[in-house]
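Numbered per the working numbering, the sequence shown spans residues 16 to 186.
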Amino acid sequence: KKDESKYKDFFIRYKDFWENGEPTDEQVDAIYKRKPRAPYYEVEFKDGSKEKVWCTFAEEQIDLNMDSKVARDFIKDTLISMCKNGASIIRLDAFAYAIKKPGTSCFFIEPEMWELLYEIQDIVNEYGVDILPEIHEHYTIQHKIAEKGFWIYDFALPVLVLHALYSGKGE
Numbered sequence: 016k017k018d019e020s021k022y023k024d025f026f027i028r029y030k031d032f033w034e035n036g037e038p039t040d041e042q043v044d045a046i047y048k049r050k051p052r053a054p055y056y057e058v059e060f061k062d063g064s065k066e067k068v069w070c071t072f073a074e075e076q077i078d079l080n081m082d083s084k085v086a087r088d089f090i091k092d093t094l095i096s097m098c099k100n101g102a103s104i105i106r107l108d109a110f111a112y113a114i115k116k117p118g119t120s121c122f123f124i125e126p127e128m129w130e131l132l133y134e135i136q137d138i139v140n141e142y143g144v145d146i147l148p149e150i151h152e153h154y155t156i157q158h159k160i161a162e163k164g165f166w167i168y169d170f171a172l173p174v175l176v177l178h179a180l181y182s183g184k185g186e
């Protein structure tokens, strides 16, 4: 259905995100990315047309458009479903990549990042569920998160905890 779909804004479409439909070299260079090029995946629609959508990681993980009501509603419904089905803690994987703004690094964009984190916290608080924003980056970002009263998590944390337990050293 493409543009006729109620989900047409669910993902970040390059043609809508960038002023001229494509980022400039400078804008691509500014993005904190996991690939050596602009973060996109080219999708092919039923009508044969192709379009780029934002893709930070792999084609199975297309980034959601956090400026889209339909995507925000999907997230809210998913969180509520997880809470109602017994989740006690919900890890927010790669959370720092959630907000995208042209001309920025598109990584841990403030204050929008905090607004989204508080919005999610408000949704799950009603069910007594905690959130765990996972951000694999410099420890200063972990400190920012902790200073706002959130739990912190990084992929390295479990290995460091095991090391501390086995070695008896925590430095």
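Note that the Cβ used here is the ideal one computed from N, Cα and C, for glycine as well. Please read these numbers as outputs of a predicted model, since none were measured by experiment.
In whole angstroms, what separates the C-alpha of residue i from that of residue j?
i: Ala86; j: Met128; result: 16 Å
i: Lys184; j: Phe170; result: 19 Å
i: Asn188; j: Gly63; result: As displayed, the chain neither begins before 16 nor continues past 186, which places residue 188 out of reach and without an answer.
i: Glu75; j: Leu94; result: 20 Å
i: Ala113; j: Ile135; result: 12 Å
i: Lys84; j: Phe26; result: 11 Å
i: Asp137; j: Tyr22; result: 25 Å
i: Leu177; j: Lys30; result: 46 Å
i: Phe32; j: Asp78; result: 13 Å
i: Tyr56; j: Phe89; result: 21 Å
i: Glu66; j: Asn35; result: 14 Å
Just mark residue i as buried or exposed, buried being the case when its beta carbon has 16 or more other beta carbons within 10 Å.
i: Lys116; result: exposed
i: Asp18; result: exposed
i: Asn100; result: exposed
i: Pro126; result: exposed
i: Arg49; result: exposed
i: Phe60; result: exposed
i: Thr39; result: exposed
i: Thr155; result: exposed
i: Ile104; result: exposed
Have a look at the DSSP bridge pairing and note the partners of residue i.
i: Asp145; result: Ile104
i: Glu57; result: Lys67
i: Phe32; result: According to DSSP, which records beta bridges pairwise, Phe32 is partnered with nothing at all.
i: Leu79; result: Phe26
**OP:** Note down, one range per segment and in chain order, each alpha helix (DSSP H) of at least 4 residues found wholly within the region 110-172.
**Re:** 127-140, 154-162
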